[in-house]
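Let me begin by presenting the structure, written as structure tokens, before commenting on it.
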Amino acid sequence: MWARMWAGLTALLVVAVVASLLTGVLTPVQASSPQLLTASPQAQVAQKPKVVLKLLAITDDAQINAWKEILEEFHKIDGGKWSYVDIAFETVPFQDLFPKIESAVAAGSDMDMVQSDGPDMKHYAFYRALVPLDKYFTDAEKKQWLPQSFEEGSYRGVLYGPPMMQSCSLLMYNKQMTDAAGIKPPATLGKSWTMAEALRAWQKTTIRPSGSSVPSVWGLRWGQGTWVGDYEHGIFRRSNGAKGSPTYNGVGDDGITFVGYMDTPEAIEAMQFYQDLHRKYKVTPIEAIPQIFETKKSAFMVTPDNRIGELNRLYGEGKFPWGVTGIPYFKTQLCHTGSWHYGISPVTKHFDEALAYVKFASSDAGARIWYKHVRQLPANVALLNTLPEYKPGASQAIWVEAMNKIGVPRIQTPGYTEYQQVFAEVSLNIISGANVAEQMKAGAARAQQLVAKYKGWK
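Here the working numbering = 1-based position in the sequence shown + 27.
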């Protein structure tokens, strides 16, 4: 290819020289027209070979579709400067993403960008598994996101990755099912159910066909997907503590002490209730059911508002009879905030292209496309303020109110990846019927052992 291009250029030079000799005029180089020396942006792009950015992310069709449309718009900015850039997606299940990122970086795998959960950003920054991006964003660009999102994507005050969105999980419900059971969930955040009050609603909406011990409709699915993790399930134990207590904090101020925080009597009591939901009250299945709420196999679900986007895709805009109320609580009501962030791998060979795409994707223009597909609480302030569904009194306004009033970050530790894996194992064992106190105490000790290497991380 380069040989053909050079041959073509040589031919053009020969023609130019011959023409000059015939006219008796030779034009010096310094007098040449800039248009002849500098190719247009479109011509420059045409001369650039295609660059394929590799993005490692969770398996999610809505997100992939969003990134593809963002890429289409990215090709149009700056006069088509980046139109030679394409993206190849490698997707894995949620629980496999975090170890996959670490192993890919450690092995020097060919990877350019990653999707990272907010609490894991500090973990990756500690291990230098992401490129610090702070100096590439102006102060004005940093202010386009909610302060919580900027903090979640930073380590020691340095931004490592801009946000894709924000989050807060509340209790969604199927209005047809609650109406049939004669239940009216609280319409305002301030009147949210306690766990005991919510349990009665979950029991009333669990439907067992005559002669069957297996419900055709379950009362509850606590959490997204089929996995058990800290984002929603960690709320149980933290909610059973007063604000500022070891139970509520979930980890020591040093970010590495779990004994005396994860395994307090209040935390154990809360996780016993969690086990009872599965085995004693039987209002939620022991074996998780994919899309349990979307397929009308559960009356209630604890989830962020991205569930609305999925319902709209399956049933059509506004066709599914959903409602939402505050998340139930023991002593202190809370929802975990924080969501996905963009990250750039230190092994990328295409940093400029990756940075340009990440900056556009996390801008207001990119975030608007993302929201269209994913339909979850935006991290971009300007976008959030323009969406009618989040205005006071609108259908999704309670998510903004909850994020601001009861939202708290997930526990802050560079060992979040290790902690979450331990807590997931503990939670699954508890669902299976293991002794709750033993599991929580062993889990706290194990998590503390695994994160001891981070001592002094702050």
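A virtual CB, placed ideally from N, CA and C, is assigned to each residue, including glycine.
Quick caveat, the model's predicted, so the values are computed rather than measured.
Cβ shell of THR253 (< 7 Å), same chain only, five flanking positions each side left out: Reading the sequence shown from its first residue, position 226 is the one you call residue 253. Taking C-beta separations shorter than 7 Å and ignoring five residues to either side along the sequence, the partners of THR253 in its chain run ALA315 and PRO317, following chain order.
Three or more C-beta pairs below 8 Å linking the region 375-391 and the region 237-246: Cβ pair count under 8 Å is below three, so no.
At least 3 beta-carbon pairs within less than 8 Å: the region 152-160 vs the region 117-134: Touching, yes.
Coil, strand or helix - ALA115 by DSSP: Indexing the sequence shown from 1 puts residue 115 at position 88. Under the three-state reduction of DSSP output, ALA115 falls in the strand class.
Proximal residues to GLY202 (C-beta, below 6 Å), its chain only, five neighbours per side dropped: In the sequence shown, residue 202 corresponds to position 175, counting from 1. The amino acid at residue 202 is misidentified as Gly; the sequence shows Lys. Setting aside the 5 residues that flank it on each side, LYS202 is surrounded in the same chain by PRO348 and GLY350, each with a C-beta closer than 6 Å to its C-beta; the list follows chain order.
DSSP beta-bridge partners of PHE327: Taking the first residue of the sequence shown as position 1, residue 327 is located at position 300. Beta-bridge pairing links PHE327 to TYR200 and LEU247.
Collapsed DSSP secondary structure at TYR446 in the structure displayed: The residue given as residue 446 occupies position 419 in the sequence shown. Of the three classes helix, strand and coil, the one that applies to TYR446 here is helix, per DSSP.
Same chain, Cβ closer than 7 Å to GLY393, neighbours up to 5 away in sequence not counted: Counted from its first residue, the sequence shown places residue 393 at position 366. The answer, listed in chain order, is ILE97 and PHE387.
Helix, strand or coil at MET289 [DSSP, three-state]: The count along the sequence shown starts at 1 and reaches residue 289 at position 262. Shown here, MET289 sits in coil according to DSSP, grouped into three states, outside any helix or strand.
Boundaries of the alpha helix (DSSP H) in which LYS468 is found, first to last residue: As a working mapping, residue 468 is identified with position 441 in the sequence shown. That run of the alpha helix (DSSP H) goes 463-478.
Nearest candidate by alpha-carbon position, reference ASN407, set PHE285, LEU173 and ALA472: For this step, residue 407 is matched to residue 380 along the sequence shown. Nearest neighbour of ASN407 by Cα position, chosen from PHE285, LEU173 and ALA472, turns out to be LEU173.
Cβ shell of GLN423 (< 6 Å), same chain only, five flanking positions each side left out: Counting from 1 along the sequence shown, the entry for residue 423 is found at position 396. Correct list, in chain order: ASP332, GLU416 and TYR417.
Short CB-CB distance (under 9 Å) between LEU411 and chain B: The chain labelled as chain B is not found in the depicted structure, where only one protein chain is given.
Alpha carbon of PRO76 to alpha carbon of ALA326, nearest angstrom: If you number the sequence shown from 1, residue 76 lands on position 49. If you number the sequence shown from 1, residue 326 lands on position 299. Rounded to whole angstroms, PRO76 to ALA326 spans 53 Å at the Cα level.
Cβ separation of LEU226 and GLY353, assumed to be a contact under 8 Å, to the nearest whole Å: Taking the first residue of the sequence shown as 1, we reach residue 226 at position 199. Taking the first residue of the sequence shown as 1, we reach residue 353 at position 326. Contact flag wrong, Cβ pair sits at about 15 Å.
Straight-line Cα distance separating PRO312 from HIS305: To locate residue 305, count along the sequence shown from 1; it is residue 278. To locate residue 312, count along the sequence shown from 1; it is residue 285. HIS305 and PRO312 have their C-alpha atoms some 6 Å from each other.
Residues sharing a beta bridge with LYS169, DSSP: Looking up residue 169 in the sequence shown gives position 142. Note: LYS169 sits in no beta bridge, so no partner.
THR274 classed as buried or exposed, judged by whether at least 16 other C-beta atoms fall within 10 angstroms: Here residue 274 corresponds to residue number 247 of the sequence shown, with the count starting at 1. Residue burial is scored here from C-beta neighbours: THR274 has at least 16 other C-beta atoms within 10 angstroms and is therefore classed as buried.
Contacting residues, own chain, Cβ-Cβ under 8 Å from LEU186 (five flanking each side not counted): Along the sequence shown, read from residue 1 onward, the residue named residue 186 stands at position 159. Here LEU186 has PRO159, LEU160, ASP161, PHE164, LYS169, PHE177 and GLY180 as same chain residues with Cβ atoms under 8 Å from its own Cβ, once five neighbours each way along the sequence are excluded.
Opposing strand residues paired with ASN407 [DSSP bridges]: Position 380 of the sequence shown, counted from the first residue, corresponds to residue 407. DSSP lists TRP172 as the bridge partner or partners of ASN407.
Sheet register partners of CYS362 (DSSP bridge): As a working note, residue 362 is residue 335 in the sequence shown. Looking at the DSSP assignment, CYS362 forms a beta bridge with GLY434.
Three-state class that DSSP yields for VAL185 in the structure shown: Here the question's residue 185 lines up with position 158 in the sequence shown. VAL185: strand per DSSP, three-state reduction.
9 Å Cβ cutoff met for ILE114 and LEU83: By one-based count along the sequence shown, residue 114 stands at place 87. By one-based count along the sequence shown, residue 83 stands at place 56. No.
Cβ-based neighbour list, HIS150, same chain, cut-off 6 Å, excluding 5 preceding and 5 following: Locating residue 150 in the sequence shown gives position 123, counting from the first residue. Same-chain partners within the cutoff: PRO441, TYR443 and THR444.
Nearest-angstrom beta carbon gap, PHE121 and GLY261 [assumed within contact, 8 Å]: Here the question's residue 261 lines up with position 234 in the sequence shown. Here the question's residue 121 lines up with position 94 in the sequence shown. By a beta-carbon distance limit of 8 Å, GLY261 does not contact PHE121. Their separation comes to about 15 Å.
Euclidean distance between Cα positions of LYS323 and ASP87: By 1-based counting over the sequence shown, the position of residue 323 is 296. By 1-based counting over the sequence shown, the position of residue 87 is 60. Each residue's Cα considered, the two are about 21 Å apart.
Distance CB(SER194)-CB(GLY365) smaller than 9 Å: Counted from its first residue, the sequence shown places residue 194 at position 167. Counted from its first residue, the sequence shown places residue 365 at position 338. Contact annotation: SER194 and GLY365 have beta-carbon atoms nearer than 9 Å.
Beta carbon of ILE438 nearer than 9 Å to that of VAL278: Reading the sequence shown from its first residue, position 411 is the one you call residue 438. Reading the sequence shown from its first residue, position 251 is the one you call residue 278. With contacts defined as CB atoms closer than 9 Å, ILE438 and VAL278 qualify as a contacting pair.
Residue nearest to VAL20 in terms of C-alpha spacing, selected from GLY106, SER143, VAL112 and LEU341: Because the chain here runs from 28 to 485, residue 20 falls outside it and cannot be looked at.
Same chain, Cβ closer than 8 Å to MET289, neighbours up to 5 away in sequence not counted: Taking the sequence shown and counting its residues from 1, the one referred to as residue 289 is at position 262. Within the same chain, and ignoring the five residues on either side of MET289 in sequence, the residues whose Cβ sits closer than 8 Å to its Cβ are ARG264, GLY277, VAL278, PHE450, MET467, GLY470, ALA471 and ALA474.
Close-in-space but distant-in-sequence residues of the same chain around LEU341 (CB under 8 Å, 5 per side omitted): Position 314 of the sequence shown holds residue 341. Hits under 8 Å: GLU321 and PHE347.
Beta strand (DSSP E) segments (min. 3 residues) lying fully within the region 204-290: Complete beta strand (DSSP E) runs here, min 3: 245-249.
GLY268 classed as buried or exposed, judged by whether at least 16 other C-beta atoms fall within 10 angstroms: Translated into positions along the sequence shown, residue 268 becomes position 241. Its Cβ being crowded by 16 or more others within 10 Å, GLY268 is buried.
Those residues which DSSP pairs with ASP144 across a bridge: Sequence index remark: in the sequence shown, residue 144 carries index 117 (1-based). In the DSSP output, where bridge partners are listed per residue, ASP144 has TRP367.
Proximity below 9 Å, CB of GLY27 to CB of VAL435: In this structure the chain extends from 28 to 485, so residue 27 is not present and cannot be described.
Under 9 Å between C-beta atoms of THR487 and ILE425: Residue 487 is absent from the model: the chain starts at 28 and stops at 485.
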